[in-house]
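If you read the sequence shown in this note's numbering, its first letter stands for residue 201, the second for the next number, and so on. All C-beta atoms, glycine included, are put in the ideal place defined by N, C-alpha and C.
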Amino acid sequence: MAVTLAVDRDDVVGLDEFIDFVNREVDLRDRDSLLGAAPRLRALANDRGLVARRLNALVENLFTGEVSPSAQSIFLGAGEGFYVRANLWPSNADISAGRIYQDRFSYHIAHDHNYDFLTVNHFGPGYRTDIYDYDFAALAGHPGEPVQMRFLETVHFRSGMVMLYRASQDLHVQYPPEDFSISLNLMVAGPEVRLRDQLFFDLERKCLLDYPADDDASRRVSMLRLAGLAGDGNTRELLDGLSRTHPCRRTRLAAYAALAQMAPAAAAELWRRAGGDREPLVAEAARSWLAEHGD
201 MAVTLAVDRD DVVGLDEFID FVNREVDLRD RDSLLGAAPR LRALANDRGL
251 VARRLNALVE NLFTGEVSPS AQSIFLGAGE GFYVRANLWP SNADISAGRI
301 YQDRFSYHIA HDHNYDFLTV NHFGPGYRTD IYDYDFAALA GHPGEPVQMR
351 FLETVHFRSG MVMLYRASQD LHVQYPPEDF SISLNLMVAG PEVRLRDQLF
401 FDLERKCLLD YPADDDASRR VSMLRLAGLA GDGNTRELLD GLSRTHPCRR
451 TRLAAYAALA QMAPAAAAEL WRRAGGDREP LVAEAARSWL AEHGD
């Protein structure tokens, strides 16, 4: 389950010092080692001017027209295979007053994360979150697919608390804090993250709801759909290679679909090949197409 620690530490660690510590001392592939960074992350959170300094730089950039890419997250710094960010959590009052738009925040949406990360409350009363676990490997990946999920706990993420969320194991629902809050995150960002899906869940129906529209896999799928509409002979060669070798199951499926769209006469042959894919998501989609088209 997600690990919650109470870390009582009054000293201050600077951002550069924290990044250097993680580079030297933390094995990002080992969750126990990652948890070992919790006291230092708590000490980083004691730097009360950290987020304000970064915000000042972003505000100054507005004079040149540059805009921060996210209303919720502020990039602070990075090391080898990780980065540090601040997450901003508006209250219901902030949202209802129109100061912040709700659709930019992940409140009330059950979701997992496709990366491990360590988080600490930095400012404000902190949000409340319901935490569940599930078995990612047991899912084929179809929206609407039943999910065996288990409720673990409700946590009020207060000052002094550090939590470790496990990639593709912990799913949770967050609720707005009573007042504006900020958390700091140590984000594991290895190459495998770009190949693993993030998921949205329906807790009432206990099923996979959908995928985020802006994650890496969804962006690849969108690009391949466009390729199927506007590509040429070179595109077909590229799509063929992706359908055979790309490590992401959704990307392989999108490549097959784009190939079939570009070459309808060869669609049945393509889908028969896809039926042998190692992932049920691809193989079942192929069998469904063949059954629908009487092949």
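Counting only unbroken stretches of 3 or more residues, the beta strand (DSSP E) elements lying wholly within the region 288-367 are 310-312, 317-323, 328-334, 349-356 and 361-365, in sequence order. In the three-state reduction of the DSSP assignment, residue 397 falls in the coil class.
Taking a contact as a CB-CB distance under 8 Å, the pair residue 318 and residue 237 counts as one, their CB atoms being some 6 Å apart.
Around the beta carbon of residue 342, fewer than 16 other beta carbons lie within 10 angstroms, which makes this residue exposed. When Cβ pairs closer than 8 Å are counted between the two stretches, the region 271-283 is seen not to touch the region 364-374, the count staying below three.
Here residue 384 is near residue 245, since their CB atoms are less than 8 Å apart. Put simply, of 406, 400, 407 and 405 the residue whose alpha carbon is nearest the alpha carbon of residue 413 is 400. In this structure, residue 364 lies away from residue 207, with their beta-carbon atoms at least 8 Å apart. Burial state of residue 430 is exposed, judged by a 10 Å Cβ sphere holding fewer than 16 other Cβ atoms. Using a Cβ-Cβ distance cut-off of 8 Å, the region 405-419 and the region 433-445 are not in contact, since fewer than three pairs of beta carbons, one from each stretch, lie closer than that value. When C-beta atoms of the region 346-357 are compared with those of the region 317-331, three or more pairs fall below 8 Å, so the two segments count as touching. Across the structure, residue 387 and residue 296 are spaced so that their CA atoms are roughly 30 Å apart.
Residue 465: not part of any beta strand (DSSP E); DSSP gives it neither H nor E. Under the three-state reduction of DSSP output, residue 213 falls in the coil class, being neither helix nor strand. Counted as a single uninterrupted DSSP element, the alpha helix (DSSP H) harbouring residue 256 occupies residues 250-261. The three-state reading of DSSP puts residue 207 in coil, since its state is none of H, G, I, E or B. Fully enclosed alpha helix (DSSP H) runs of no fewer than 4 residues occupy 416-430 of the region 402-444, in order along the chain. If you look at residue 278, you'll find it in the beta strand (DSSP E) that goes 273-279. Annotation: residue 367 to residue 395 spans about 12 Å, alpha carbon to alpha carbon.
A direct Cα-to-Cα measurement between residue 451 and residue 478 gives close to 13 Å. If you ignore the 5 residues before and after residue 486, its C-beta comes within less than 6 Å of the C-beta of 471, 474 and 475, all in its own chain and listed in chain order. In this structure, residue 460 lies near residue 467, with their beta-carbon atoms less than 8 Å apart.
About 7 Å separates the CB atoms of residue 382 and residue 287; that is less than 8 Å, so the two are in contact.
As DSSP reads the structure, residue 233 sits in no beta bridge. In the structure shown, residue 478 adopts coil according to DSSP, grouped into three states.
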